[in-house]
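As structure tokens, the structure follows; a few thoughts come after it.
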């Protein structure tokens, strides 16, 4: 029989088909499929042989309807962009936690689109997931109140929810950014540029606040001409850095507030032959950053810890935790590799 052929006329086999093939009752098949016991070894072997021959797959939805708690053993994970290395590391950590519990993870990208956030949370809710892990895309998550009332557990990660009392797990964005900028100032830099993500993103605003606070603390003036925000990708970051460094009074150091922005900055520096002249500290680590010359100094988040902690909180809520909402902070770490230690020109 070819892969395209079906022993029952091209449709998905049912338990009744299995019962007919094994020449047993429907109840016997149900007991075997649901591991209920009470079936003789001989009949169980016949049923399992028929299941294999028909390539029968149990109906998960039917099982859910039979469960008293109506749990689906599934959760939704809504990330900024699953292609981003940070998001990928978060997803893997969540999957590791879910796998230990026999839970399936459905994931999707929000692309910083509030409308997409609403549509996908509604779609996942319609599939009766037991819980949602969400990186908020918009500035208002009150639309999820109905999901909470329906019993869906919700935990936000990377950013806190707005207008929704749920747990969250976030990095120390402002503290980490301030540490990175102070590190550049300690090397002697006085003209430190800030290149940030979209201002609609809470983490981008927090990192910008850390930059401003560090300048004030170091007694350095805040020059608006050295601040560029709403940089969305590596190409845009490349262009921004090129423009900044082509000015008559260029910055001597760059603080890039997102991993893709940092990659774009590295490209511009290398193309202009300035990678050993202009200092660079990036927020968030990225693949091969330690193998460049110079290696890139970063304020590293711990996406695995963020994903793991968020998943643990979510499963605790699913299991009945009714305590007050909490915000867990995951510390950042300054990793000195070389690019952030370049001194300013004499």
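In UniProt numbering, the protein residues as written are 1 to 346. Glycine included, every Cβ here is placed at the ideal spot set by N, Cα and C. Quantities reported herein were computed from a predicted structural model and do not represent experimental measurements.
- Since residue 51 is in the alpha helix (DSSP H), which residue starts that stretch and which ends it? Going by DSSP, residue 51 is part of the alpha helix (DSSP H) stretching over 41–54.
query = Count the other CB atoms within 10 Å of the CB of residue 291; is the residue buried (16 or more) or exposed (fewer)?
reply = The residue is exposed, with fewer than 16 neighbouring Cβ atoms inside 10 Å.
message: Using 9 Å as the threshold, is the C-beta distance between residue 119 and residue 141 below it?
response: At the C-beta level, residue 119 and residue 141 stay beyond 9 Å of one another.
(request) For residue 47, I'd like the list of residues in its chain whose CB is within less than 7 Å of its CB, leaving aside the five on either flank, ordered along the chain. (result) Spatial neighbours of residue 47 in its own chain (CB-CB distance under 7 Å, excluding positions within 5 residues in sequence) are listed in chain order as 18, 22, 24, 28, 29 and 32.
_Runs of beta strand (DSSP E) lying entirely within the stretch 280–336, each at least 3 residues, in chain order_ = DSSP runs (the beta strand (DSSP E)) wholly in the stretch 280–336: 297–300, 327–330 and 333–335.
- Pull up the distance between the alpha-carbon of residue 165 and that of residue 325, whole angstroms please. Just so you know, the alpha carbons of residue 165 and residue 325 end up roughly 6 Å apart.
Pick out whichever of 14, 185 and 341 has its Cα sitting closest to the Cα of residue 53. That would be 14, whose Cα lies nearest to the Cα of residue 53.
- Message: So residue 192 and residue 157 are supposed to be a Cβ contact under 8 Å. How far apart are they, rounded?
- Response: Contact doesn't hold; Cβ gap of about 29 Å is too wide.
Q) Where does residue 342 fall in DSSP's three states? A) Note: residue 342 maps to coil in three-state DSSP.
Quick check on residue 301: buried or exposed, where buried means 16 or more other Cβ atoms within 10 Å of its Cβ? Buried is the call here.
Within 10 Å of its beta-carbon, does residue 252 have 16 or more other beta-carbons around it, so buried, or fewer, so exposed?
When all chains shown are included, residue 252 counts as buried.
Buried or exposed for residue 206, please, with buried defined as at least 16 other CB atoms from any protein chain shown within 10 angstroms of its CB. Buried is the call here.
Could you spell out the range, first to last residue, of the beta strand (DSSP E) harbouring residue 167?
Unbroken beta strand (DSSP E) run through residue 167: 167–171.
So which of 247, 342, 150 and 16 has the shortest CA-CA distance to residue 56?
Of 247, 342, 150 and 16, the residue nearest in Cα terms is 16.
**Asked** Alpha carbon to alpha carbon, how far is residue 41 from residue 329?
**Response** Looking at the backbone, the Cα of residue 41 and that of residue 329 are separated by about 53 Å.
Q. Where does residue 152 sit, in a helix, a strand or coil, going by DSSP?
A. Collapsing the DSSP output to three states places residue 152 in coil.
Worksheet entry | Exposure label - residue 311; buried when at least 16 CB within 10 Å | Of the residues assessed, residue 311 falls on the buried side of the cut-off, its CB having 16 or more other CB atoms within 10 angstroms.
Review point. Taking residue 335 as the reference, which of 258, 345, 321 and 295 has the closest Cα?
Key: That would be 295, whose Cα lies nearest to the Cα of residue 335.
- Task: Over the uninterrupted beta strand (DSSP E) stretch that includes residue 256, give me the two end residues.
- Result: Run containing residue 256: 253–256, per the beta strand (DSSP E) assignment.
Could you have a look at residue 235 and say whether DSSP puts it in helix, strand or coil?
In the displayed model, residue 235 falls within a helix according to three-state DSSP.
query = Just reading off the beta strand (DSSP E) that residue 87 is part of, what are its end residues?
reply = First-last for residue 87: 85–100, but that is the alpha helix (DSSP H), not the beta strand (DSSP E).
Check: Between which two residues does the beta strand (DSSP E) carrying residue 131 extend?
Finding: Boundaries of the beta strand (DSSP E) harbouring residue 131: 131–134, taken from the DSSP string.
Among residues of its own chain, excluding the 5 on either side of residue 134, which ones have a beta-carbon nearer than 6 Å to its beta-carbon?
Exclusion of the five residues before and after residue 134 leaves 78 and 156 as the residues of its chain whose Cβ lies within less than 6 Å of its Cβ.
Can you tell me which of the three DSSP states residue 225 falls into?
-> Helix.
| request: Please work out which residues of its chain come closer than 7 Å, Cβ to Cβ, to residue 250, disregarding the five sequence neighbours upstream and downstream, and give them in chain order. | output: So the list reads 244, once near-sequence residues are dropped.
> In terms of DSSP beta bridges, what is residue 106 paired with?
Replying inline: For residue 106, which the question treats as bridged, DSSP gives the partners 76.
Handout entry: Limits of the unbroken alpha helix (DSSP H) element including residue 204
Key = Counting along the chain, the alpha helix (DSSP H) containing residue 204 begins and ends at 202–217.
Residue 161 by DSSP, collapsed to three states: which one? It is coil, neither helix nor strand.
Tell me, please, which residues DSSP counts as bridged to residue 175. Residue 175 is not bridged to any residue.
Q. Distance, Cα to Cα, residue 107 vs residue 181?
A. Taking the straight line from one Cα to the other gives about 35 Å.
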